[in-house]
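Structure first, commentary second.
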Amino acid sequence: MTTMSSKKSMFIVVGVLLLSMCFMEMGAGACFLKSKARIHIINNVGRPGVNLSFRCKSKDSDLGSHVLGYRASFSFHFCPNMLGTTLFFCSFAWGGGGQSHWFDIYEAKRDQNCGDCTWNITPTGPCLVTSSAPLKRQLCYPWK
Ligand SMILES: *[C@@H]1O[C@H](CO)[C@@H](O)[C@H](O)[C@H]1NC(C)=O
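Under mature numbering (1 follows the signal peptide of the UniProt record, and there is no 0), the residues of the sequence shown are numbered -29 to -1, 1 to 115, in order.
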């Protein structure tokens, strides 16, 4: 009887320890069972003096409007959901004229392997940087 209850309390203690380790990890900035995704957006639409305005949203968050000077960058991060359906879409505008361009800046299926996704925003569309300097390579997509 006494051994049963001490076994039981052992299970409870171990359970509580595991749970608190879980929460500590989440508190340190990790995601539950998924790795965090970081998105970097770089203004490469023109020349010095041409600002890039953009606004990114997902189903349940709105990152607000931002303006980037030439070659400046903006970063944000989030935890992709367990279903693999996380989607962030952005509108981009530059150089006056009021024309907006759209792109899905994070699409879980396409981007699940890029922990750090760096997007060069060019006039013809966003380019995903796939390797860094000196052999800088990028994969360019058209606007939506
Ligand atoms: C670009 O942004 C900077 C800083 O926000 C601002 O001072 C400047 O007037 C902007 N340039 C244009 C062409 O809108």
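Think of the CB as a built atom: it goes at the ideal place given N, C-alpha and C, for glycine as much as any other residue.
The structure displayed is predicted, hence computed values, not measured ones.
Q: Give the secondary structure of R18 by DSSP, where H, G and I count as helix, E and B as strand, and everything else as coil.
A: Here residue 18 is taken as the residue at index 47 of the sequence shown, counted from 1. Reduced to three states, the DSSP call for R18 is coil.
Q.
Closer than 7 Å to a non-hydrogen atom of ligand 1 - does that hold for the CB of N15?
A. The residue given as residue 15 occupies position 44 in the sequence shown. No, since every heavy atom of ligand 1 falls outside the 7 Å radius drawn around the Cβ of N15.
Q. Apart from the five residues on each side of it in sequence, which residues of its chain come closer than 7 Å, Cβ to Cβ, to residue 116?
A. No information on residue 116 is available, as it lies outside the stretch -29 to 115 that the chain covers here.
Q | Proximity of D75 and L54 at Cβ, strictly below 8 Å | A | If you number the sequence shown from 1, residue 75 lands on position 104. If you number the sequence shown from 1, residue 54 lands on position 83. For D75 and L54, no; Cβs fall outside 8 Å.
Q) Taking any heavy atom of ligand 1 as the mark, which residues have a C-beta closer than 6 Å to it, listed down the chain? A) This selection yields G20, N22, V38, G40.
**Q.** Length of the line joining the Cα atoms of G67 and F25
**A.** Within the sequence shown, the letter at position 96 stands for residue 67. Within the sequence shown, the letter at position 54 stands for residue 25. Their backbone Cα atoms lie some 13 Å apart in a straight line.
**Q.** Buried versus exposed call for V38 [16 or more other C-beta atoms within 10 Å across all chains shown]
**A.** Sequence index remark: in the sequence shown, residue 38 carries index 67 (1-based). With fewer than 16 Cβ atoms within 10 Å of its Cβ, V38 is classed as exposed.
**Q.** Cα-Cα separation between I10 and K115, rounded to whole angstroms
**A.** If you number the sequence shown from 1, residue 10 lands on position 39. If you number the sequence shown from 1, residue 115 lands on position 144. The alpha-carbon atoms of I10 and K115 are separated by roughly 18 Å.
Q) Between which two residues does the alpha helix (DSSP H) containing K5 stretch? A) Along the sequence shown, one-based indexing puts residue 5 at 34. No alpha helix (DSSP H) holds K5; DSSP gives it neither H nor E.
Q. At which residues does the beta strand (DSSP E) containing A79 begin and terminate?
A. Taking the sequence shown and counting its residues from 1, the one referred to as residue 79 is at position 108. Careful: A79 lies outside any beta strand (DSSP E), inside the alpha helix (DSSP H) at 79 to 82.
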